[in-house]
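Residue numbers (the numbering used here), protein chains in the order written: chain A, -9 to 531; chain X, -18 to 288. For each residue, glycine too, the CB sits at the ideal point set by N, CA and C. The structure under discussion appears below in the form of structure tokens.
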């Protein structure tokens, strides 16, 4: 499928344009051109492949995005017009897809109830509901069955009443397997194109056993026909759903009880008249519900308020304290009379060069109440519960972050001090300014102006410093009774992580995205204000 | 580096305190007051800075592998923890980290440099708007949108499995998505310091824009390329949240995801293994960082002040 695509465009591209000086026309296709051709061939091959599989999967957004991007890529690289775009295009594509689109998508999810129980389209919800409602059909025959495997995909092969061997997987419904052989116990022993797994491997491998028990092979394309399942890996039976889907009326009827569940487009669930619902639902637009919940759900709103306050405190202290320490050390050790300054400086910045996530994990162990080195060595074996007490944990994580980041400010401030204009300082001292006067009137303001933008970006970084918070104490200790097990050192981003449920547990992507949007707004507002302020500061100086 | 301007210039200028009995004793006292105490303070600071690192080194050499046993520093010296790393997935994770971080770094350098070249050398409509747009976009951290990243990869994976969940390529692509916003300004400032006359003379000699970019500009901006590459590598190396949600199976994990798993579970945690792994992984980073230290700080200050 990908062979014919890349050969077409170069024919037009390497023909020299009319009106060019003939001296410049004299060149064959150089190495650069060949490299470009090879790269574009790859890009086209991959693009065409993606377009075709998106078409097959009926994933229209991916299909159109891939198509547009591929056509644009060919236009940009095979015409001479958009010269700057030739350099910007790759970066822009990644930026658009993996950042701008992601932001937009976050905003979209924030207005839906996407999450556990609302994880896909209505069609997927129907399928899931029918599977959940499957029971073994009473009095239905059992078929001799073998578990088969092909490139990592498990399937079942059965022998039906007529002695024909049928084979299928979770994705492909049963179909006749030509040339199959039936073994002594009546089950298929050889199926062309498939590996028949021996019974012994099924018994010894617990993981495989679980996969086989949960595997269901549809009997036909119609979900109402049911599927083949097995309990023991050697015989299978037809399981049919007691639920029946009526696509026109948009209802699911439980044939066992007679209850009719109708699709409710507002909540994305199947609801019966009695108010009972099926566990499987689909996601729908819920308007501002998620945002309203963030502010009005009493337990959630109160916890989130505490988390927000702590986020600001953490971010501010994570900038102010390390900056103060770094600046102080830079002022003290930027002294020409000291010997071995390079050596000292190298030792001072070691914490910054040590990977941050490892430091946080390291401190997690060091602060351990029972066995940690900090209690053992510096507090004479006292049993101080650093990670279990809310205030101690907060103090500890600030301490860890101070250790992690002061070297950065030390480096930056040292650089700023060394770049101070010598003549200004000299003029000040001639005018009789003392050491403190010089420090407060010249050195500190100049250093501040030079470092202010860094302080702002550090603030924004600390505001979302998931790694340190999560690695150090998982945001704990948890507030008693708080929803989603939010804890005393949780900052907003780790709260979002807990709420979203991407790490397991019940997922609420909609609520998590709504909180993300709010944090986005806060971060953007702070950065905008701060940058305006620094510009004023610079003009003022 | 320019000659350091000591703050103390002022003091030396107005020195000469007259009433000291002997000049030598006075000088010694003044040295202790003004310089000597800094050495004493340095001991405290060094202890603060280095103690955790010494501790992790000592723990890595302790074969008992528990927190409690590691508290007696350097009581045992034994390399069995390092040998035991081979029987875990550690080296797989290390290789994954290298692959992911390395690709992200190379991609970030190439895309950032190309974009910076375009912004610095070409004048086109929408140039200012794009620069402002980048400035705004880079204020918003990608990690905050991890839910959308997760769901998007879930959808994308059904079409192109290589770009779905549990794929290293997908993770690299996500990292590259953040590359342009973060690095372009850093590089743009640096590219502007390369005189445009170089380009013009090359153009007169018949060089194409691609030749100017690859043969002239790129060699001249190598320091900033190294900085951006290193920063991108370190960012990928230290990222937990996105790596954790994208990489599902254990043999695809990076060091951050894997080593968190070693320590997070208090009952099963293996402190000795973690310490050994941390030492092994930190040494190359430390060496790289310390050797490129001057460029990194220079690059950081330059980029953000000009941005």
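Within 10 Å of its beta-carbon, does residue 40 of chain A have 16 or more other beta-carbons around it, so buried, or fewer, so exposed? The Cβ neighbour count for residue 40 of chain A, taken over all protein chains shown within 10 Å, is at least 16; the residue is labelled buried.
Determine, using beta carbons only, whether residue 393 of chain A and residue 353 of chain A come nearer to each other than 9 Å. For residue 393 of chain A and residue 353 of chain A, yes; Cβs fall inside 9 Å.
What does a CB cutoff of less than 6 Å around residue 24 of chain X pick up in its chain, not counting 5 residues either side in sequence? Correct list: empty, nothing qualifies.
Helix or strand or just coil, what does DSSP make of residue 204 of chain X? DSSP places residue 204 of chain X in helix when its eight states are reduced to three.
6 Å CB neighbourhood of residue 445 of chain A in its chain, flanking five on each side removed: Result list for residue 445 of chain A: 309, in chain order.
Identified DSSP bridge partners for residue 236 of chain A: DSSP output for residue 236 of chain A lists A/241 as bridge partner(s).
On the DSSP letters alone, give me the boundaries of the alpha helix (DSSP H) that residue 197 of chain A sits inside. Boundaries of the alpha helix (DSSP H) harbouring residue 197 of chain A: 196 to 204, taken from the DSSP string.
Between residue 359 of chain A and residue 106 of chain A, which are expected to be in contact by the criterion C-beta below 8 Å, what is the C-beta distance as a whole number of angstroms? Approximately 35 Å separates the beta-carbon atoms of residue 359 of chain A and residue 106 of chain A; this is outside 8 Å, ruling out the contact.
In the DSSP assignment, find the unbroken beta strand (DSSP E) run with residue 144 of chain A in it and report its ends. Per DSSP, residue 144 of chain A belongs to the beta strand (DSSP E) from 143 to 149.
From residue 406 of chain A to residue 321 of chain A, what does the alpha carbon distance come to, in whole angstroms? So the two alpha carbons sit approximately 10 Å from each other.
Leaving out five residues before and five after residue 183 of chain X in sequence, what residues of the same chain have Cβ atoms less than 7 Å from its Cβ? Counting only Cβ-Cβ distances below 7 Å, and skipping sequence neighbours, we find 193 and 197.
So what's residue 231 of chain X in DSSP terms, helix, strand or just coil? Residue 231 of chain X: helix per DSSP, three-state reduction.
In chain order, each alpha helix (DSSP H) run of at least 4 residues that lies wholly inside the stretch 52 to 108 of chain A: The qualifying runs are 73 to 85 and 91 to 100.
Closer than 9 Å, CB to CB, is residue 285 of chain X near chain A or not? Confidence at residue 285 of chain X is low in this model, with a pLDDT of 39, below 50, so the placement of that residue is unreliable and no value is reported for it.
Unbroken beta strand (DSSP E) runs of length 3 or more, entirely within the stretch 410 to 439 of chain A: which are they? The stretch 410 to 439 of chain A contains no whole beta strand (DSSP E) run of 3 or more residues.
Can you give me, in chain order, the residues of the stretch 224 to 244 of chain X that have a beta carbon less than 9 Å from any beta carbon in chain A? Among the residues of the stretch 224 to 244 of chain X, those with a Cβ less than 9 Å away from any Cβ of chain A are 225, 226, 236, 237, 240, 241, 243 and 244, in the order of the chain.
Grab me the residues of residue -11 of chain X's own chain with a C-beta within less than 6 Å of its C-beta, minus the 5 sequence neighbours each way, in chain order. Interpretation of residue -11 of chain X is limited by its pLDDT of 43, a score under 50 that renders its predicted location unreliable; the figure taken from the coordinates is listed afterwards. When the five nearest sequence neighbours on each side are left out, no beta carbon in the same chain lies closer than 6 Å to the beta carbon of residue -11 of chain X.
Going along chain X, which residues have a C-beta under 9 Å from residue 514 of chain A? Within chain X, the residues near residue 514 of chain A are 117, 120 and 121.
Could you tell me how far apart the beta carbons of residue 148 of chain A and residue 218 of chain A are, in whole angstroms, since I believe they sit closer than 8 Å? That pair is a contact at about 6 Å.
Quick one: what's got a C-beta closer than 8 Å to residue -14 of chain X's C-beta in the same chain, skipping five residues either side? Here the model assigns residue -14 of chain X a pLDDT of 43, short of 50, so the residue's position is not dependable, and the following value carries that caveat. There are no such residues.
For chain X, check one thing: does any of its Cβ atoms lie closer than 9 Å to the Cβ of residue 509 of chain A? Cβ-Cβ to chain X under 9 Å: yes for residue 509 of chain A.
At the level of alpha carbons, what is the spacing between residue 222 of chain X and residue 123 of chain X? C-alpha of residue 222 of chain X to C-alpha of residue 123 of chain X: approximately 11 Å in a straight line.
Taking 6 Å as the limit between beta carbons, can you name the residues of its chain near residue 531 of chain A, skipping five residues before and five after? Reliability of the predicted coordinates at residue 531 of chain A is poor, the pLDDT of 46 falling under 50, and the value obtained from them is presented with this limitation in mind. Excluding sequence neighbours, residue 531 of chain A sits near 439.
Any contact between the stretch 137 to 153 of chain A and the stretch 273 to 288 of chain A? By contact I mean 3 or more CB pairs, one from each, below 8 Å. Cβ pair count under 8 Å is below three, so no.
Examine chain X for any beta-carbon lying closer than 9 Å to the beta-carbon of residue 506 of chain A, and answer yes or no. Yes, because at least one Cβ of chain X sits closer than 9 Å to the Cβ of residue 506 of chain A.
Residues that DSSP places opposite residue 468 of chain A in a beta bridge: According to DSSP, residue pairing for residue 468 of chain A in a beta bridge involves A/477.
Report the partner residues of residue 131 of chain A according to the DSSP bridge assignment. DSSP, once it has assigned bridges, lists no residue as partnering residue 131 of chain A.
Under a Cβ-count criterion, where at least 16 other Cβ atoms within 10 Å of its own Cβ denotes burial, should residue 231 of chain X be classed as buried or exposed? Taking all protein chains shown into account, residue 231 of chain X has fewer than 16 neighbouring C-beta atoms within 10 Å of its C-beta and is therefore exposed.
Nearest-angstrom Cα separation, counted from residue 32 of chain X out to residue 273 of chain A: For residue 273 of chain A and residue 32 of chain X, the distance between alpha carbons rounds to 52 Å.
For the pair the stretch 82 to 98 of chain A and the stretch 126 to 137 of chain X, tell me if three or more CB-CB distances fall below 8 Å. Touching, yes.
Where residue 124 of chain A sits in the DSSP three-state scheme: Strand at residue 124 of chain A.
With 16 other Cβ atoms within 10 Å as the buried cut-off, status of residue 152 of chain X: With 16 or more other Cβ atoms within 10 Å, it is buried.
In chain A, what lies closer than 8 Å to residue 139 of chain X by C-beta? Within chain A, the residues near residue 139 of chain X are 47 and 49.
What runs of the beta strand (DSSP E), each 3 residues or longer, lie entirely inside the stretch 7 to 88 of chain X? You should have found no qualifying run.
Within this structure, are the beta carbons of residue 84 of chain A and residue 67 of chain A separated by less than 9 Å? At the C-beta level, residue 84 of chain A and residue 67 of chain A stay beyond 9 Å of one another.
Any idea which residues DSSP pairs residue 189 of chain X with across the strands? Answer by DSSP bridge pairing: none, since residue 189 of chain X is not bridged.
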